[in-house]
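Enquirer: Supplied in structure tokens, the structure appears directly below.
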Amino acid sequence: MKLFPSLTLPLLASSQSLGEGTTFTMSAAGRGCLDKSSVSASMSRDGQRMTVTLHELNAYTGPGYAVSDKTQNCGLHLVFQPPNNNTQFALVENTYHGYTRLEPNITLALYSTFYPSYDASASTTTSISIEGSGAGQVFTRSVVVPESQYKWSRCGGPQGIWNLNERASLTSRVRDAEGRYGAEEGGPLTRQVRFIYRECS
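For the sequence shown, the positions run -19 to -1, 1 to 182 when mature numbering (1 follows the signal peptide of the UniProt record, and there is no 0) is used.
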């Protein structure tokens, strides 16, 4: 299910201390992160926010670029370690930050899909799109997941591998129109994923 940007944040549960001390390990694969040093991630102390930095998830379109340059992807494989096995977590918000320079008639679409390896159908997909204006811009946009669509991790035992797939795609409606999505001028490309926690019932 695709979710779209919202400016309203939900009321999160008051028991956020449940996530304090959550750690994780990570590996990455994909055209947008062939160099393993091009992607990094960190978790806040309270376990609520994981920030992912993507240095090479760049997309380009226009004269001189191949069709394959229009799309980039990076798959992150994450193993979370909550403080105890009696805690569940769910992704509740995703914030996109980056830089674009798009001529008119070009659209940038960014997609993020988060799901556990043990159940690919239990996925949360967020996305944003930006229309070209001809000017370069630094952007920050958040997508909030409705509470009715939270996908909770399983209770008890190891969580297994969770996948966070990131994809950037440029679509041009005019031949030879130029556009780029990258880290130049605007600092690094980042995703900030926000989690909520609850005790298993």
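Glycine included, every Cβ here is placed at the ideal spot set by N, Cα and C.
Rank I142, L38, I87 by C-alpha distance to the C-alpha of L15 and give the top, closest one.
Expert: L38
Enquirer: Using 8 Å as the threshold, is the C-beta distance between N146 and G56 below it?
Expert: yes
Enquirer: Can you name the start and end residues of the beta strand (DSSP E) that C55 belongs to?
Expert: 52 to 62
Enquirer: What span of residues does the beta strand (DSSP E) with T171 cover, start to end?
Expert: 170 to 180
Enquirer: Under three-state DSSP, which class holds Q29?
Expert: It is coil, neither helix nor strand.
Enquirer: May I have the straight-line CA-CA distance separating Y77 from Q173, to the nearest angstrom?
Expert: 7 Å
Enquirer: Confirm, please, whether the CB-CB distance from I87 to S153 is below 8 Å.
Expert: Yes, they are a contact pair.
Enquirer: Check whether the stretch 47 to 64 and the stretch 100 to 111 touch, using three or more Cβ-Cβ pairs below 8 Å as the test.
Expert: When Cβ pairs closer than 8 Å are counted between the two stretches, the stretch 47 to 64 is seen not to touch the stretch 100 to 111, the count staying below three.
Enquirer: Could you tell me the distance, in whole angstroms, from the CA atom of G28 to the CA atom of R175?
Expert: 9 Å
Enquirer: Go ahead and label G168 buried or exposed: buried means 16 or more other beta carbons lie within 10 angstroms of its beta carbon, across all protein chains shown.
Expert: The residue in question, G168, is exposed, as its Cβ has fewer than 16 Cβ neighbours within 10 Å.
Enquirer: Using alpha carbons as the reference points, say which of M31, L(-2), G(-1), R26 lies closest to M7.
Expert: Nearest C-alpha to M7 among M31, L(-2), G(-1), R26: M31.
Enquirer: What did DSSP end up calling V125 once you bin it into helix, strand or coil?
Expert: strand
Enquirer: For E84 versus G113, is the C-beta distance shorter than 8 Å?
Expert: yes
Enquirer: Quick check: what's the CA-CA separation for H36 versus W143?
Expert: 21 Å
Enquirer: Along the chain, which unbroken stretches of the alpha helix (DSSP H) at least 4 residues long are found entirely within the stretch 87 to 168?
Expert: none
Enquirer: Since F95 contacts G(-1) with CB under 8 Å, what's their CB separation in whole angstroms?
Expert: With 8 Å as the limit, F95 and G(-1) do not qualify as a contact, their Cβ atoms being about 16 Å apart.
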